Amino acid sequence: MNWLSDIIRPRIRSLVEPKEVPDNLWQKCKSCEGMLFHRDLEAAHNVCYHCGYHLRLPVKERLDLMFDDGKYERMALPQVAYDPLKFKDRKKYADRLKESQNKTGLKEAITVAKGTIGGQPVVIAAFNFSFMGGSMGAGVGEAIVVGAEEAVKTNSAFIAIPASGGARMQEGMLSLIQMPRSIIAVEMVKDAGLPYIVLLTDPTTGGVSASFAMVGDIHLAEPGSTIGFAGRRVIEETVRETLPDDFQTAEYLKEHGIVDIVVARSELHETLDRILNLLMGGASSAKSASKNTSGKKAAGGKGKSGGKGKNKKGAPTAKANSQVAAATEAVKSYKKPKVQKAETPKAAASKG
Ligand SMILES: [Zn+2]
């Protein structure tokens, strides 16, 4: 035994070399590579305190941040037909689902909660990206419908916060159906003359960006978020052109008219407070403000909300309203057979 190399050297090394830092206490900022201490990062709501880069924020923290005094009520989400296709790739879909539920402690990739922001009643549907990439399946679509219905019932604004890779492929066609369904759901909110606001967060892509996430009365986005439909590489290979560096970022989309405000997380509550009080504060001001918004967006085909919905209590404005009524009916009739049919096998599967 060589005491010099076996004993003395390790001892000296332990004195000179820095101790390894446990992973969970520190993390590296993706943008500036600065080290971030977990407690400081938490206090900054997951915003890098060196460069302002917005890291992803778990849903609970987001809701705490957004609602007045961090007070809100989570809504129960209805049971849907999970895994009706008995889908299996490398792993069973049912197992993946269970894994995500255990990992996140959440039932689905979406959380719906109600409370107030700036004193105005609000229902928020927020995606959990850590749950299967925030993918939209039947459960998520159902939650959006439930959130929208609750907003209409309680005269609240509806805020959607997507953070999603798109449709949930394991549910095949059933996940794609959620695209028109979610559109119809938010259309109910608009028809009731209530604000529908979207907060685009990192990432908003695929089927989610191709449905409810792009039809808000007002689009907010977090700085630096990736927002788009197809991925950058796919587009580059298709159009055979090099895209600008900031392509598909919140800032790029603001420049091109898709996003209205890029808002830092620290100013999120205050910004929503201002918007909601402008839109919902007084009856008359709400009407005109809402009209202005829809007028601004008319070019993008988003002009259906606002003033029109105010007629709901009186005489409905003929065709448009009857179309929405039919669409609303479609949502309801779609939902009912699905839930009932699905419940028995699902309940049995989850218990077994
Ligand atoms: Zn940074």
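Throughout the sequence shown, residue numbering follows my numbering, covering 6 to 357 in sequence.
We put the CB at the ideal spot given by N, CA and C, even for glycine.
For clarity, every value in this text was computed on a predicted model and none was experimentally measured.
Check your understanding: Alpha carbon to alpha carbon, how far is residue 36 from residue 219?
Key -> 27 Å
Check your understanding: Does DSSP put residue 80 in a helix, in a strand, or in coil?
Key -> coil
Check your understanding: Measuring CB to CB, does residue 194 end up less than 7 Å from residue 156?
Key -> yes
Check your understanding: Relative to the alpha-carbon of residue 116, which residue among 87, 67 and 98 has its alpha-carbon at the smallest distance?
Key -> 67
Review point. Does DSSP put residue 274 in a helix, in a strand, or in coil?
Key: helix
Check your understanding: Who sits around ligand 1, taking every residue whose Cβ is closer than 5 Å to one of its heavy atoms?
Key -> 34, 36, 37, 39, 53, 55, 56 and 58
Exercise for review: Identify, in the order they occur along the chain, each residue of the same chain with its Cβ nearer than 7 Å to the Cβ of residue 69, setting aside the five sequence neighbours on each side.
Suggested key: 75
Point to revise | Secondary structure of residue 228, DSSP reduced to three states | key: coil
Review point. Considering only the beta carbon of each residue, do residue 149 and residue 187 sit closer than 7 Å?
Key: yes
**Study point:** Inter-residue Cα distance where the pair is residue 256 and residue 126
**Key:** 29 Å
**Study point:** Segment contact flag, the segment 207-227 with the segment 161-175, C-beta cutoff 8 Å, min 3 pairs
**Key:** yes
Practice item. Between the Cα of residue 163 and those of 234, 60 and 281, spot the shortest distance and give me the residue it belongs to. Key: 281
**Study point:** CA-to-CA distance, residue 122 to residue 231, given in whole angstroms
**Key:** 26 Å
**Study point:** CB contact flag (residue 63, residue 147, <7 Å)
**Key:** no
Review point. Between the beta-carbon of residue 118 and the beta-carbon of residue 145, is there less than 7 Å?
Key: no
Review point. Which of helix, strand or coil does DSSP assign to residue 41?
Key: strand
Point to revise | Cα-Cα separation between residue 131 and residue 46, rounded to whole angstroms | key: 21 Å
Check your understanding: Among all the DSSP beta bridges, which residues are the ones paired with residue 216?
Key -> BP columns for residue 216 are empty, so no partner.
Review point. Who are the near neighbours of residue 50 in its chain, counting only those whose CB is closer than 8 Å to its CB and skipping five residues on each side?
Key: 62, 66, 70, 270 and 271
Point to revise | Proximity below 7 Å, CB of residue 105 to CB of residue 80 | key: no
Check your understanding: In the structure shown, what three-state DSSP assignment does residue 267 receive?
Key -> strand
Check your understanding: Where residue 95 and residue 103 are concerned, what is the direct C-alpha to C-alpha distance, given to the nearest angstrom?
Key -> 15 Å
Point to revise | residue 201 - DSSP class collapsed to helix/strand/coil | key: strand
Exercise for review: To the nearest angstrom, report how far apart residue 261 and residue 233 are at their CA atoms.
Suggested key: 13 Å
Review point. Thinking C-alpha only, which one of 237, 189, 124 and 229 is nearest residue 221?
Key: 189
Check your understanding: Which residues mark the beginning and the end of the alpha helix (DSSP H) in which residue 145 is found?
Key -> 143-158
Check your understanding: So, helix, strand or coil for residue 259, using DSSP?
Key -> helix
Review point. In the segment 81-147, which residue ranges form an unbroken beta strand (DSSP E) of at least 3 residues, counting only runs that do not cross its ends?
Key: 115-122 and 125-132
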